[in-house]
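Numbering (mature numbering (1 follows the signal peptide of the UniProt record, and there is no 0)), first residue to last: -21 to -1, 1 to 237. Here a beta-carbon is modelled for each residue, glycine too, at the ideal position from N, C-alpha and C.
Put into structure tokens, the structure is as follows:
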């Protein structure tokens, strides 16, 4: 009887150990998820590919995937309006933001930024034949800017000396459609985004935004909640991706080959 009881107890112990081993193996295969906030209306950095199941694609997304892989994370993406992204960081709805966001002193009061991963310059996007060739030509024109962007800041600054009718929009693609329909005369945006439109639509043109004789450059970075430990990890991974050529390949794929 004792022998039989011992065998039963041994069998139960083996089952418990087996279950523990199975559970440990399963947990070790799971990756921790980090959530990226973006505004997918800013090609080539991020946009919705309606031809392929409305997937979010672009330079920022591929770079974020590469960083997440380097750090051993699984990436989840949340899409929303650009002007709500910093608030999403503050409320911890997302772990970081990549949305063609420019590192500015004002934003640094609310968030931390990674090192710059791309630098672009601000431009004016307009239709050909409008006789808009410079910032001065925007006087009394209807000018669209995306809400919460450095382009909005620039337009408001310039309008102090060159009065213009500034209109704020949540989404850049909606601004472009409004301009095509004659509801806007021009849009202030960045070169890479504007080129995504001018390269496909020959009725559109762009020129550099020059203020006080200077072109306006934008350092694009990833944003993080204040004191986030992820920011330093991101920078280390980004440095490795720059050194091994991964970032350059993505620049060629999404920006140089538009």
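Handout entry: One or two residues paired with residue 28 in a DSSP bridge
Key = 34
Exercise for the section: Classify residue 301 as helix, strand or coil using the three-state DSSP reduction. Expected result: Residue 301 falls outside the range modelled here, since the chain spans only -21 to 237, and no answer is possible.
Exercise for the section: Check whether the Cβ atoms of residue 151 and residue 121 sit closer than 7 Å, and answer yes or no. Expected result: no
Handout entry: Residue nearest to residue 109 in terms of C-alpha spacing, selected from 29, 158, 83 and 170
Key = 158
Problem - Beta-carbon separation (whole angstroms), residue 80 vs residue 199, contact threshold 8 Å - result: 7 Å
Problem - Neighbour-count burial assignment, residue 32, 16 or more Cβ in a 10 Å radius - result: exposed
Handout entry: Nearest candidate by alpha-carbon position, reference residue 10, set 38, 91 and 48
Key = 48
Practice task
Thinking residue 77 and residue 201 are a contact (beta carbons under 8 Å), I'd like their distance in whole angstroms, please.
Solution key: 5 Å
Exercise for the section: Pair every Cβ in the segment 113 to 127 with every Cβ in the segment 52 to 70, then say whether three or more of these pairs are closer than 8 Å. Expected result: yes
Handout entry: Close beta carbons around residue 144, own chain, < 8 Å, minus the five adjacent residues each side
Key = 119, 120, 121 and 122
Exercise for the section: Check residue 99 in the structure and name its three-state DSSP category. Expected result: strand
Exercise for the section: Decide yes or no for the touch test of the segment 102 to 116 against the segment 37 to 44: beta carbon pairs closer than 8 Å, at least 3 of them. Expected result: no
Handout entry: Run of the alpha helix (DSSP H) containing residue 81, from where it starts to where it stops
Key = Counting along the chain, residue 81 falls outside any alpha helix (DSSP H), and DSSP gives it neither H nor E.
Practice task
Report buried or exposed for residue 185, applying the criterion of at least 16 other Cβ atoms within 10 angstroms of its Cβ.
Solution key: buried
Handout entry: Presumed contact (8 Å Cβ cut-off) between residue 55 and residue 40, rounded CB distance
Key = Not confirmed; about 12 Å, so no contact.
Handout entry: Range covered by the beta strand (DSSP E) that runs through residue 69
Key = Per DSSP, residue 69 belongs to no beta strand (DSSP E); it is in the alpha helix (DSSP H), 64 to 69.
Practice task
Indicate the three-state DSSP secondary structure (helix, strand or coil) for residue 91 in the structure shown.
Solution key: strand
Exercise for the section: Provide the residue span of the beta strand (DSSP E) that contains residue 152, from first to last. Expected result: Run containing residue 152: none in the beta strand (DSSP E); it sits in the alpha helix (DSSP H), 151 to 159.
Practice task
Flag this pair as yes or no: are the beta carbons of residue 195 and residue 101 separated by less than 7 Å?
Solution key: yes
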